[in-house]
């Protein structure tokens, strides 16, 4: 759905995006991670044809961007760097205007589309209120509604849960999962690791303009081959497993080179009390930190 | 997109407040004239104003001559300066462009909406002035040209129409300048101020003898040439020069606006 090669953007002397090769496949919920200022938003803007790349190619839905923007963008819904709307108009009037802008949205079904989008994001109750009086969370929902108007096959969302309360975040997550279930590919840029970890199937990590990691989330979080044990008898366990314990901190041991089942049998046979035992998985945070701290520091 | 821009124009309260303010000045003048009956001596003050005391139906032209040098250009510069920069400032520009609305198309729609604004403003000023003039001021059908010979109602009507068209074209020149600045900056006020600075500089240079060589190229040079349309016979020279000049301004500045906007990174 999104393929870039050698995508580079230079602002004067600053290299904002450096040789990025994104590969987002159909059916993905792709988490695009990176610290503030790592080039996420510039990349998203280039994908949508707002910012023109210094060099490199972009393919969206199999067509080159920005050359075929007129054919591609009607099938893409986007939320870029926060929502925006005309404050003196109601939420419904805003959606009606944005739906009428650009070709290919039949007037006859406009009302139904707008109603549908408002309902999907849960703004039906306040649709007639002026946007000026909306809270940040409501504006965010309105931005999402605008992105959903044309039932896009690709959603490009930049920090979609910004400004939402926990309940709102969980509602948006449900909404995105529902859309994904009906065949929408989602490209989600975020700096919230937890959000990405809960939602995404594939992850790309941007660090100082470079794509330092891109893989399936499941692959990244594969068991490391080590086993984590929690036990009040940590010292005894350490003595029993001499040489196999890689780390001991409090009641937590990380044990290498032994099957969890076998490890469990031995500990229990020795009469030790086990509170928890399982294969070690790296959290997304560890994966991202490992990927971003390894990369060389860019000299100014 | 054009329909969308027009809808945005008419649903925005600011449009109507601006037009009401533009309209207030000639109306105030009419009321003052009617109450005091003191008009400027012929040949002084704004064009036509000395004639309206006897023939109130000429007041639309007097009103036009009053708002054209300052009020209308300021309003047009504000509206056109807001066109792209305003969308950029409110963040809606990026959402329009990813809709997608082509950049050239958006620019065209904005221009048309500014033209519509100018038309509405000019028509509102003319119609109110006509009504106010007919009600409050003299009703002796003078219907005379500036040169003193008599004009038929029919002649007066098409000359008025020409004059209105000329005023709209002059404002189109202002709109093009402001629209260009609007694609350069993300601040609508900055764009409007840029266009106004251009016009003020032009007006200033016109009063300076040393800048005589520049004067034929200054945008405000022929603005009030529409008065010549009411001479008998019509004095076409300045009017035609004004038309050619404004068309050139529109072509050059719209071209620059298009060239700049279609290759610009949208980072707002």
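Residue numbers (my numbering), protein chains in the order written: chain A, 44 to 343; chain B, 4 to 271. Beta carbons are placed, not taken as given, at the ideal position from N, Cα and C, and that holds for glycine.
query: Measure from the alpha carbon of residue 264 of chain A to the alpha carbon of each residue in A:249, A:278, A:328, then state which is nearest.; result: A:328
query: So that I know if they touch, is there some Cβ in chain A lying closer than 8 Å to that of residue 269 of chain B?; result: yes
query: So is residue 120 of chain A buried or exposed if we call it buried at 16+ other beta carbons inside 10 Å?; result: buried
query: Please list, in chain order, the chain A residues whose beta carbon lies closer than 7 Å to that of residue 99 of chain B.; result: 144
query: Of the residues A:288, A:253, A:96, which one's Cα is nearest the Cα of residue 268 of chain A?; result: A:288
query: If residue 249 of chain B sits next to residue 178 of chain B, beta carbons under 8 Å apart, how far is it from one beta carbon to the other, in whole angstroms?; result: 11 Å between Cβ atoms; not a contact.
query: When the Cα atoms are used, what is the spatial distance from residue 63 of chain B to residue 131 of chain B?; result: 8 Å
query: Starting from the beta carbon of residue 11 of chain B, find every residue of chain A whose beta carbon is closer than 9 Å, and list them in chain order.; result: 129, 132, 140
query: Taking the CB atoms as reference points, tell me whether residue 32 of chain B and residue 181 of chain B lie closer together than 8 Å.; result: no
query: For residue 203 of chain A, name the three-state secondary structure that DSSP assigns.; result: coil
query: Starting from the beta carbon of residue 209 of chain A, find every residue of chain B whose beta carbon is closer than 9 Å, and list them in chain order.; result: By Cβ distance, chain B contributes nothing, its closest Cβ being about 26 Å from residue 209 of chain A, past 9 Å.
query: Pick out the complete alpha helix (DSSP H) segments inside the region 222-274 of chain A, 4 residues or longer, and give them in chain order.; result: 236-242, 260-263
query: Within 10 angstroms of its Cβ, does residue 22 of chain B collect 16 or more other Cβ (buried), or is it exposed?; result: buried
query: If you draw a straight line from the alpha carbon of residue 60 of chain A to that of residue 100 of chain A, how long is it in whole angstroms?; result: 13 Å
query: Hey, out of A:124, A:138, A:123, whose CA is closest to residue 130 of chain A's CA?; result: A:138
query: Kindly say whether residue 84 of chain B, judged by its beta-carbon, lies nearer than 8 Å to any beta-carbon of chain A.; result: no
query: Verify whether the separation of the beta carbon atoms of residue 55 of chain B and residue 61 of chain B is less than 8 Å.; result: yes
query: Which residues bound the alpha helix (DSSP H) around residue 89 of chain A?; result: 83-90
query: Measure the CB-CB distance between residue 129 of chain B and residue 216 of chain B and report whether it falls below 8 Å.; result: no
query: Unbroken alpha helix (DSSP H) runs of length 4 or more, entirely within the region 272-325 of chain A: which are they?; result: 277-283, 303-312
query: Does residue 149 of chain A have its Cβ less than 8 Å from a Cβ in chain B?; result: no
query: Report, in whole angstroms, the separation of the C-beta atoms of residue 139 of chain B and residue 59 of chain B, which I expect to be a contact under 8 Å.; result: 7 Å
query: Around the Cβ of residue 69 of chain A, are there at least 16 other Cβ atoms within 10 angstroms (buried) or fewer (exposed)?; result: exposed
query: Under 9 Å between beta-carbons, which chain B residues line up against residue 95 of chain A? List them in chain order, please.; result: 266, 267, 268
query: Reducing DSSP to helix, strand and coil, say where residue 76 of chain A ends up.; result: strand
query: Can you list the alpha helix (DSSP H) stretches of 4 or more residues lying completely in the region 153-188 of chain B, in chain order?; result: 156-187
query: Per DSSP, what kind of secondary structure is residue 244 of chain B in: helix, strand or coil?; result: helix
query: So the candidates are A:253, A:219, A:84, A:224; which of them puts its Cα closest to the Cα of residue 239 of chain A?; result: A:219
query: Considering residue 19 of chain A, what are the terminal residues of the beta strand (DSSP E) in which it resides?; result: The shown model of chain A, from 44 to 343, leaves out residue 19 of chain A, and the question about it has no answer.
query: Going by DSSP, name the residue or residues bridged to residue 66 of chain A.; result: A:46
query: Chain A partners of residue 6 of chain B, CB-CB under 8 Å?; result: 143
query: Starting from the Cα of residue 228 of chain A, find the closest Cα among A:80, A:197, A:91, A:331 and give me that residue.; result: A:197
query: Less than 8 Å between the beta carbons of residue 233 of chain A and residue 74 of chain A, yes or no?; result: yes
query: Starting from residue 90 of chain B, trace the alpha helix (DSSP H) in both directions and tell me its first and last residue.; result: 74-93
query: Checking the sheet assignment: what are the DSSP bridge partners for residue 121 of chain A?; result: A:199
query: Tell me which same chain residues have a C-beta within less than 7 Å of the C-beta of residue 276 of chain A, skipping the five on either side of it?; result: 315, 316
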